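Counting in the numbering used here, the sequence shown runs from 40 upward without gaps.
This report refers to the structure that appears directly beneath it.
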Amino acid sequence: MTESPASPTPPGGSSTPPTDPDQRWHPVATTVDLVPRTVYRTSLLNRELVLWRADDGFVNVWENRCLHRGVRLSIGSNDGAELICRYHGWRYSNRSGGCTYVPAHPADSPARTIQNTTYPAVEHLGLIWTTGNPIDEMPPFAVPELEAMAGEILGLRNLPVAAPWQVVIAALAEHRFCPPGALDVDPAEAEMSANTDGLAVTLTSSVGDHRSSAVFVVQPLEPGRSVVRPVLGERPPDPIGVLRHHATALARFAKATEAREWATPTEQPVALENPVVLPSTSTATRRSALTEVTVAAKRLVANHIIALELSPVDGVALPTWQPGDHLDLHLPNGLIRQYSITNRPGWSDRYRIGVKREAASRGGSAFLHDSIAVGDVLTVSEPRSGFPLRRNVPQTLFIAGGIGITPLLSMAHALSSMRLAFTFHYFTADPADIAFVDDLDYFGDVVKQHLGLSPHETVAALREVLDRPEAGGQIYACGPPPMLDAIRSIAADAGWPDDAVRFEYFENTTQIDASSSFTVELARSATTLTVSAGQTILQVLREHDIPIVSSCEQGACGTCVATVIDGEPHHQDVYLSAEERAAGKLILTCVSRTLADRLVLDL
């Protein structure tokens with residue numbers, strides 16, 4: 040057992056554990072989680088914590104918040120003596136949590152009152168323990184077998200469980216496993232004894248002459264979420280087999296516990312004299328459910344381009360994103376704008392977007408540049424994409440123009456993490472326009488920059504880049520519409536397969552003709568609707584509560600695409616490929632119409 044210097048008394052006292060969970064000691068990490076010069080993020084009782092080990096061995100457990108702008112310290116850096124905030128470089132001292140340096144005021148000493156909230160830490164039985172309400176002595180948990188073998192313990196797999204800690208503790212009393220030397224026996228045949236003490240359950244398993252004890256300590260993260268941190272009271276000759284046995288048993292345990300927790304009783308349907316019409320669950324614009332996020336960071340990454348990091352409010356898990364996804368960002372001024380996610384793999388606690396100030400801004404990009412500050416709360420849609428990344432090809436060619444780099448960044452990072460080959464061509468007017476330099480430097484020599492080219496020179500460069508199609512290769516492109524039009528034409532002339540060229544337009548510059556009137560028959564809904572001049576198919580569908588998701592609503596993202604059963608579409612989008620247009624089986628309902636007077640859709 041080791042404890043951080045100046046930490047409370049380790050287990051072994053005689054006091055009775057408090058009944059208040061906030062006064063108990065809880066495991067919040069394992070010893071191996073605290074790798075030197077790294078930072079570890081976790082939660083305890085709905086409180087977000089940051090853990091880091093200094094070079095002197097001291098384990099710091101702090102509130103995960105910089106006192107300047109509230110940015111998570113878990114995205115900062117650990118230099119062995121101080122924890123440094125990533126946003127404005129505020130530095131906090133090992134042990135005390137006091138601020139030691141503010142870069143904006145290099146000649147001044149920070150006030151002593153600038154001190155992060157710290158919690159005590161004890162390192163024991165391969166776990167890091169802390170408490171939300173420090174007390175003089177860390178209460179014991181009843182694990183005599185493990186205490187006696189503290190030098191011979193084996194840490195088992197830590198397991199998240201989507202259930203309250205009280206439920207997990209109760210379920211652990213019924214958990215079964217086999218001791219080393221009898222791993223081939225069905226766990227149901229093992230004799231088990233259980234001893235529950237607060238947030239720890241000690242289980243002893245016996246099969247014949249073989250006997251083994253383990254303690255399962257539960258870390259309450261937040262309502263409905265827990266982590267089981269088990270420790271075996273011995274180090275067997277074959278630890279791999281034992282670890283595999285316990286991992287399998289715990290996986291079954293988690294699945295069964297979550298199934299019981301989230302199961303809903305089945306009721307017999309009741310016949311109603313009059314049918315009930317449920318209200319639509321959609322929003323007025325048919326966009327997906329919204330999530331509140333906080334602006335955790337805002338920084339300039341190029342001339343007229345800022346990066347915003349959006350973190351969940353109150354620790355709520357963000358919806359999963361994929362490379363190439365974008366968000367609908369709902370602004371306080373009532374506008375809704377779409378921005379690509381530029382995250383790297385593993386960034387599940389935040390979304391990063393890039394925003395270019397448009398010269399002809401209608402209030403979106405200008406508002407984000409001028410009025411949004413760190414700490415502001417916004418709402419975003421669930422991530423979505425009409426630009427998914429294929430990760431099963433030997434070579435990918437990325438071509439970005441200006442702010443078109445944003446959707447391609449997350450794609451390139453994904454391929455890089457998988458060690459898949461790619462080349463990245465980036466066209467900008469000036470070196471000052473190069474965005475996300477850190478990401479590009481990370482990719483190294485695969486990045487080819489094309490600076491200050493005229494439109495004619497850009498086309499010539501694209502012809503050289505696309506001259507020789509690679510077998511099994513693919514192209515992902517994003518940038519200004521003229522550039523993308525040129526890429527599509529040049530790639531087709533060079534012999535690139537149509538399905539190997541993928542692109543994302545940020546806008547549709549096509550002159551939309553909305554002068555026609557026609558009928559739309561919805562095959563699944565058995566409904567016929569009239570689309571009048573000046574209306575879009577999407578608007579008419581929405582007026583009649585026909586569910587269809589939309590996003591950009593200008594024919595660029597492909598979100599509102601529908602399948603055509605009969606009729607001749609009049610395509611006015613920039614999303615569908617030439618092959619898809621010729622097939623006539625798809626239509627973007629936000630801008631396209633029909634060349635006849637009737638269209639039948641699979642809706």
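All C-beta atoms, glycine included, are put in the ideal place defined by N, C-alpha and C.
In this text the structure is predicted, and so the values were computed from the model without any measurement.
Does the Cβ of M450 have 16 or more other Cβ atoms within 10 Å, making it buried, or fewer, making it exposed?
-> Taking the first residue of the sequence shown as 1, we reach residue 450 at position 411. Buried: at least 16 other Cβ atoms inside 10 Å.
Same chain, Cβ closer than 6 Å to D72, five either side skipped, listed in chain order = Within the sequence shown, the letter at position 33 stands for residue 72. Around D72: Y79.
Can you grab the Cα-Cα spacing for the pair A68 / W168, in whole Å?
-> Position 29 of the sequence shown, counted from the start, is the residue given in the question as residue 68. Position 129 of the sequence shown, counted from the start, is the residue given in the question as residue 168. C-alpha separation (whole angstroms): 8 Å.
Would you report the Cα separation of R632 and L625, rounded to the nearest angstrom?
-> Translated into positions along the sequence shown, residue 632 becomes position 593. Translated into positions along the sequence shown, residue 625 becomes position 586. For R632 and L625, the distance between alpha carbons rounds to 11 Å.
State the start and end residues of the unbroken alpha helix (DSSP H) segment that holds Y481.
-> For this step, residue 481 is matched to residue 442 along the sequence shown. Taken as a continuous stretch (DSSP letters only), the alpha helix (DSSP H) holding Y481 covers 476-482.
Spatial neighbours of V224 in its chain, beta-carbon cut-off 7 Å, leaving aside the 5 residues before and after | Within the sequence shown, residue 224 is the residue found at index 185, counting from 1. Shown here for V224: same chain residues with a beta carbon closer than 7 Å to its own, the five before and five after excluded, namely C217, V246 in chain order.
Label Q550 either buried or exposed according to how many other C-beta atoms from any shown protein chain fall within 10 Å of its C-beta, with 16 as the threshold for buried.
-> Here residue 550 refers to the residue found at position 511 when the sequence shown is read from its first residue. Classification of Q550: exposed, given that the 10 Å Cβ count is below 16.
Use the C-beta contact count for M457: other C-beta atoms within 10 angstroms, 16 or more gives buried, fewer gives exposed.
-> Here residue 457 corresponds to residue number 418 of the sequence shown, with the count starting at 1. Exposure of M457 is indicated by the presence of fewer than 16 other C-beta atoms within 10 angstroms of its C-beta.
Local Cβ density within 10 Å of W301, reported as buried at 16 or more and exposed below that | Residue numbering aside, residue 301 sits at position 262 when the sequence shown is read from its first letter. W301 is classed as exposed because its beta carbon has fewer than 16 other beta carbons within 10 Å across all chains shown.
Work out the CA separation of L164 and H65 for me, nearest whole Å.
-> Position 26 of the sequence shown, counting from 1, holds the residue named residue 65. Position 125 of the sequence shown, counting from 1, holds the residue named residue 164. Roughly 12 Å separates the two Cα atoms.
Residues in its own chain within less than 7 Å of E312 by CB, not counting five upstream and five downstream?
-> Locating residue 312 in the sequence shown gives position 273, where the first residue counts as 1. The predicted position of E312 is uncertain, since its pLDDT is 41 and thus under 50; a value taken from the coordinates is nonetheless stated next. Correct list: empty, nothing qualifies.
In terms of alpha-carbon separation, which member of S589, A399, E619, A229 lies closest to V630?
-> Translated into the one-based positions of the sequence shown, residue 630 becomes position 591. Per the Cα distances, S589.
Expressed to the nearest angstrom, what Euclidean distance is found between the alpha-carbon atoms of V570 and P371?
-> Counting from 1 along the sequence shown, the entry for residue 570 is found at position 531. Counting from 1 along the sequence shown, the entry for residue 371 is found at position 332. Rounded to whole angstroms, the separation of the alpha carbons of P371 and V570 is 33 Å.
Could you check the C-alpha separation between A221 and E230 for me, to the nearest Å?
-> Your numbering for residue 221 matches position 182 in the sequence shown. Your numbering for residue 230 matches position 191 in the sequence shown. Near 12 Å, if we compare the C-alpha coordinates of E230 and A221.
What separation, rounded to the nearest whole angstrom, lies between the Cα atoms of R125 and N431?
-> Taking the first residue of the sequence shown as 1, we reach residue 125 at position 86. Taking the first residue of the sequence shown as 1, we reach residue 431 at position 392. Each residue's alpha carbon lies about 35 Å from the other.
Simplified DSSP state of P159, which is helix, strand or coil | Taking the first residue of the sequence shown as position 1, residue 159 is located at position 120. The answer is coil: DSSP assigns P159 none of H, G, I, E or B.
Check whether T497 and P520 have beta carbons under 7 Å apart | What you label residue 497 is simply residue 458 of the sequence shown in a count that begins at 1. What you label residue 520 is simply residue 481 of the sequence shown in a count that begins at 1. No. Outside cutoff.
Using 8 Å as the threshold, is the stretch 405-416 in touch with the stretch 470-485, meaning 3 or more CB pairs across them?
-> Segments in contact, no.
Return the chain-ordered list of same chain residues with a C-beta closer than 8 Å to the C-beta of A595, the five sequence neighbours on each side being excluded.
-> Translated into the one-based positions of the sequence shown, residue 595 becomes position 556. Within the same chain, A595 has close Cβ partners E543, Y544, F545, E546, N547, D612, V613, Y614.
Cβ neighbours of G340 in the same chain (closer than 8 Å, five flanking residues each side left out) = Here residue 340 corresponds to residue number 301 of the sequence shown, with the count starting at 1. Correcting the residue type first, residue 340 is Val in the shown sequence and not Gly. Once the five neighbours on either side are set aside, the close Cβ partners of V340 are A346, G393, A474, F475, V476.
Among D236, E102, E397, E261, which has the Cα closest to the Cα of F255?
-> Taking the sequence shown and counting its residues from 1, the one referred to as residue 255 is at position 216. Closest option to F255, Cα to Cα, is D236.
May I ask which residues mark the beginning and end of the beta strand (DSSP E) holding S251?
-> Sequence index remark: in the sequence shown, residue 251 carries index 212 (1-based). It spans 249-261 - the beta strand (DSSP E) in which S251 sits, taken as one unbroken run.
What is the DSSP secondary structure of I529, counted as helix, strand or coil?
-> Counting from one through the sequence shown, the residue named residue 529 turns up at place 490. In the structure shown, I529 sits in a helix (DSSP, three-state: H, G or I).
Per DSSP, which residues does W101 bridge with? Please list them.
-> Counting from 1 along the sequence shown, the entry for residue 101 is found at position 62. As a beta-bridge residue in DSSP terms, W101 pairs with V89, T157.
Along the beta strand (DSSP E) that carries I344, what are the first and last residues, could you check?
-> Along the sequence shown, one-based indexing puts residue 344 at 305. DSSP places I344 inside the beta strand (DSSP E), whose first and last residues are 344-351.
Three-state secondary structure assigned by DSSP to Q307 = For the purposes of this step, residue 307 is taken as the residue at position 268 of the sequence shown. Because the pLDDT at Q307 is just 43, under 50, the model does not fix this residue reliably, and the point stays unresolved.
Given a threshold of 16 other Cβ atoms within 10 Å of its Cβ, counted over all protein chains shown, does L490 qualify as buried or as exposed?
-> Position 451 of the sequence shown holds residue 490. Exposed, by the Cβ-count rule.
At which residue ranges does the stretch 413-471 contain complete alpha helix (DSSP H) runs of 4 or more residues, listed in the order of the chain?
-> Counting only unbroken stretches of 4 or more residues, the alpha helix (DSSP H) elements lying wholly within the stretch 413-471 are 444-456, in sequence order.
Tell me the start and end of each unbroken alpha helix (DSSP H) in the stretch 488-517 that is at least 4 residues and wholly inside, in chain order.
-> Those alpha helix (DSSP H) runs which fall completely within the stretch 488-517 and span 4+ residues are 494-504.
Under a three-way DSSP split, which group does F216 fall into?
-> For this step, residue 216 is matched to residue 177 along the sequence shown. Note: F216 maps to coil in three-state DSSP.
C-alpha gap between A286 and F292, whole angstroms = By one-based count along the sequence shown, residue 286 stands at place 247. By one-based count along the sequence shown, residue 292 stands at place 253. Near 10 Å, if we compare the C-alpha coordinates of F292 and A286.
Where does L627 fall in DSSP's three states?
-> To locate residue 627, count along the sequence shown from 1; it is residue 588. Strand, per DSSP.
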